[in-house]
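Student:
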Amino acid sequence: MVAVSTLREKTDVCEVIERNISIFVEAVELSSNLEIVGTSFLENADGSQGEEVFVMRDYTKAEGIDGAYVEVSIGEVVEKVTDFDRAQELLRVISNDRSSIVLNGITRIVGYYSRVNNWNKSKVGELRDRSNGSYGLTSEKPCFQEERLKMIDSL
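All letters in the sequence shown, in the order written, are residues 136 to 290 by this note's numbering.
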């Protein structure tokens with residue numbers, strides 16, 4: 136009986152987490168200036184993989200030096216969002232008080248957003264090949280190729 140009650144408690148926790156994340160995602164979808172573009176893992180000070188975060192695009196901010204993306208901890212969403220009103224309150228905090236990040240690159244292989252400085256040499260090589268036009272179905276050179284190659288070579 137102990138195993139059944141433990142399983143029931145864990146199931147209840149999973150349902151609460153799923154419900155809170157669903158409420159948050161619904162609130163973001165109804166927002167006119169925020170969009171969830173994926174998830175990413177923060178990097179700890181020792182270089183190990185940290186907690187998972189939502190990467191969100193904030194359309195009220197310009198993409199530039201400061202960036203137009205913000206990171207929101209999934210743990211924070213689970214803890215703070217209990218109903219739609221709390222989700223709206225968290226969205227206001229995200230829009231006003233979060234510092235922006237610059238999203239340097241997107242990995243296509245693994246399917247989630249990450250910063251280029253977290254990439255291994257294989258992934259950097261793939262990016263270099265793609266920028267040279269030798270890693271795709273087309274032989275056309277991409278726009279701003281010189282700038283891209285300079286950025287890649289700096290890694």
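Think of the CB as a built atom: it goes at the ideal place given N, C-alpha and C, for glycine as much as any other residue.
Predicted, not measured: the structure shown is a model, and the values here were computed from it.
Please report how far the alpha carbon of glutamate 153 lies from the alpha carbon of glutamate 170, in whole angstroms.
Tutor: Here the C-alpha atom of glutamate 153 lies approximately 19 angstroms from the C-alpha atom of glutamate 170.
Student: Below 7 angstroms CB to CB, which residues in the same chain sit around arginine 227 once its five sequence neighbours on both sides are set aside?
Tutor: none
Student: Can you say whether valine 148 is buried or exposed, counting buried as having 16 or more other CB atoms within 10 angstroms of its CB?
Tutor: Around the beta carbon of valine 148, a 10 Å sphere encloses fewer than 16 other beta carbons of the protein chains shown; the residue is thus reported as exposed.
Student: Look at glutamate 186 and threonine 174 and say whether their C-beta atoms are less than 7 angstroms apart.
Tutor: no
Student: When DSSP labels each residue in this structure, what does valine 216 get in the three-state scheme?
Tutor: coil
Student: Please state if the CB of alanine 222 and the CB of isoleucine 156 are separated by a distance shorter than 7 angstroms.
Tutor: no
Student: If methionine 191 and valine 212 are in contact, beta carbons under 8 angstroms, what's the gap, nearest whole angstrom?
Tutor: That belief does not hold up - the Cβ atoms of methionine 191 and valine 212 are roughly 11 angstroms apart, past 8 angstroms.
Student: Which residues bound the beta strand (DSSP E) around aspartate 193?
Tutor: 184-193
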